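Quick notes on the structure that follows.
The following block contains the structure:
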């Protein structure tokens, strides 16, 4: 398929392909980042153009380029948006909004409430799924009862809550934690259900303090995107009560199914699909409306990012960055220095590629560095893991950021401007706390 850049095939035969293609991929990433930041063309178009260039260059195959559109995460997001949208269509969100408004009187209090609620839900189910459920509730509440509140600001708070809550147990960001657990077990350690809570809970509290005293001030108030505005339509006030009860029951069963999916022999996305089919059968949606609940912008954004992530891995670009990590550390035997570099590099890498892929690439390096200085490899792996889920600085870093960007009407740069201070504070606290919890 290398008909645009046939030189890549010749370079591959000379064993120079990896470095040349890697450099090309990194340059393309930089160009894409400039386009993302300036937004002189739509972000989704930039993502798709990047994927097309990588295919024409022969760096990723056509199959790899479209593989992201069939990923379990995207299927789960689409299905959960249907389930969550059913709560809005049936009027359940309206009742929840009335209840919430009794206790949260100001926007600051509501922002904190969304953070805490989403965080709590994300600790017992997929962090991405929790946002899918709450976004229709937030938009419906602001449109009906609290028009003085900013729906976009509440969505951003929900994003922060889902990310922080996902670090409280192994369930929230299970794919990442299960992958790091494999490496921890390979070096003789253990990583139980609440092992991550030791560091996740302090960070959850830290994020809450930051949000209450500073974060709420700097989250921008943006007009909702077209996707978000589509949820501001009125719900059917004459929806029978049994449909409302049925919608809630389906949601609860989906949550239980996701939590116990392993025991049930199912996968989380299958549970979500079953839930979507169930609410459709209930007749909550009018004919054709179910398609409006499925937001295709989020599908394009998440699916289109996969080729770039694959290119970083396939061409050796990620390996080059890993080698740069070793070079930066040099001959240092200071475990705090090594932890700092591992955390910072993993945090940067996870903004542009799958955190699971990033952990797969860097975990062997972290273990090797720990062995060289006779430190505890479990500590280094925990540092790597926590850096790998610091998906705060770009909207393409994780599903929750994608959702906030797609529905909240934010600019690409808003994520960096708002979250850079939180990222720096979290970095310092994490590097201090982890060695105290998991000794060197």
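In my numbering, the protein residues as written are 37 to 476.
Every residue, glycine too, gets a C-beta built ideally from N, C-alpha and C.
All figures in this text were calculated on a predicted structure; none of them were measured in a lab.
Between residue 165 and residue 308, the CB-CB gap stays under 8 angstroms. Residue 351 counts as buried, since at least 16 other C-beta atoms from the protein chains shown sit within 10 angstroms of its C-beta.
Per the coordinates, the alpha-carbon of residue 320 lies some 16 angstroms from the alpha-carbon of residue 169. Residue 474 counts as buried, since at least 16 other C-beta atoms from the protein chains shown sit within 10 angstroms of its C-beta. Look at residue 197 here: in three-state DSSP terms it is helix. The C-beta of residue 189 has 16 or more other C-beta atoms within 10 Å across all chains shown, which makes the residue buried. Put simply, the backbone Cα of residue 80 is about 14 angstroms away from that of residue 105. Non-local C-beta neighbours of residue 411 in its own chain, meaning closer than 6 angstroms and more than five positions away in sequence, comprise 371 and 476, ordered along the chain. Following the DSSP letters along the chain, one finds residue 218 inside the alpha helix (DSSP H) bounded by residues 210-222. Proximity to residue 393 across 433, 230 and 407 peaks at 433, based on C-alpha coordinates. The C-alpha of residue 444 is placed about 13 angstroms away from the C-alpha of residue 178. Contact between residue 423 and residue 386 is confirmed by a C-beta separation of about 7 angstroms, below the 8 angstroms threshold.
In the three-state reduction of the DSSP assignment, residue 205 falls in the coil class. In this structure, 154 is the residue among 400, 154, 451 and 337 with its C-alpha nearest to the C-alpha of residue 244.
In the structure shown, residue 320 adopts coil according to DSSP, grouped into three states.
Residue 187 is positioned such that its CB atom lies closer than 8 angstroms to that of residue 260. Going by C-alpha positions, residue 231 is about 42 angstroms away from residue 89. Short of 6 angstroms from the beta carbon of residue 413, and not among the five residues preceding or following it, lie these beta carbons of its own chain, in chain order: 223, 403 and 406.
Closest by C-alpha distance to residue 442, out of 310, 217, 113 and 102, is 113.
Bounds of any alpha helix (DSSP H) do not take in residue 256, whose DSSP letter is neither H nor E. The beta-carbon separation of residue 463 and residue 380, rounded to 7 angstroms, stays under the 8 angstroms limit for a contact. Beta-carbon to beta-carbon, residue 449 and residue 383 are separated by about 18 angstroms, too far to satisfy the 8 angstroms threshold. The count of Cβ pairs closer than 8 angstroms, one atom from the stretch 310-320 and one from the stretch 108-122, reaches three, so the stretches are in contact.
Residue 446 carries a coil assignment under DSSP once its states are collapsed to helix, strand and coil. Closest by C-alpha distance to residue 419, out of 375, 311 and 109, is 375. Assignment of residue 402 by DSSP, reduced to helix, strand and coil, places it in the helix class. Per the C-alpha coordinates, the member of 340, 132, 416 and 233 positioned closest to residue 377 is 416. With three or more CB-CB distances shorter than 8 angstroms, the stretch 232-240 counts as touching the stretch 198-205. Per DSSP, reduced to three states, the secondary structure at residue 473 is helical. Pairing residue 341 with residue 103, the inter-Cα distance amounts to about 10 angstroms. In the DSSP assignment, residue 243 falls within the alpha helix (DSSP H) that extends over 233-246. Along the length of the stretch 125-187, whole alpha helix (DSSP H) runs at least 4 residues long occupy 128-139, 143-158 and 163-180, reported in chain order.
CA-CA distance, residue 456 to residue 429, rounds to 7 angstroms. Under a 10 Å Cβ-count criterion, residue 301 is classified as exposed, with fewer than 16 other Cβ atoms of the shown protein chains found around its own Cβ. Collapsing the DSSP output to three states places residue 226 in coil. Beyond the five residues adjoining it in sequence on each side, residue 305 comes within less than 6 angstroms, by CB distance, of 108, 111 and 112 in the same chain, given in chain order.
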